[in-house]
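*Asks:* Just so you know, we're using my numbering here: the sequence shown kicks off at 259 and counts up by one. Glycine is no exception: its CB is placed at the ideal position from the N, C-alpha and C atoms. Sharing a structure with you now.
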Amino acid sequence: DFGEGNPWQYPMGQAVEPVLAAMGVICLRIEHPEEVIPTVSAAVTMVFQGGSAVAVLLTQKLLGAKAF
259 DFGEGNPWQY
269 PMGQAVEPVL
279 AAMGVICLRI
289 EHPEEVIPTV
299 SAAVTMVFQG
309 GSAVAVLLTQ
319 KLLGAKAF
């Protein structure tokens, strides 16, 4: 993901969303702080009212790239 400095993390990072989607999990990505509340609120509605499996993915852009 964005700014990842550990090459051994790339395969896992790239596989997460497609693997979850293949299992029928709806993936919602958050890249900016202002997206957290509306995205999590939408996910809660989708889970508890719609009965869907939902993953909220917090991206490296949101968390910030770490310098090692």
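Rounding to the nearest angstrom, what Cα-Cα distance links D259 and Q307 in this structure?
*Replies:* Cα-Cα distance, rounded: 31 Å.
*Asks:* Ends of the alpha helix (DSSP H) at A279?
*Replies:* Unbroken alpha helix (DSSP H) run through A279: 268-280.
*Asks:* Mind checking I295: buried by the 16 CB within 10 Å criterion, or exposed?
*Replies:* Exposed.
*Asks:* Is the beta carbon of T297 less than 8 Å from the beta carbon of V314?
*Replies:* Cβ distance < 8 Å, so T297 and V314 count as in contact.
*Asks:* Report back the beta-carbon spacing between L284 and V312 to the nearest angstrom; my notes put them in contact at under 8 Å.
*Replies:* One point to set straight first is that residue 284 is Ile, not Leu, in the sequence displayed. Yes, I284 and V312 are in contact; Cβ-Cβ is about 5 Å, under 8 Å.
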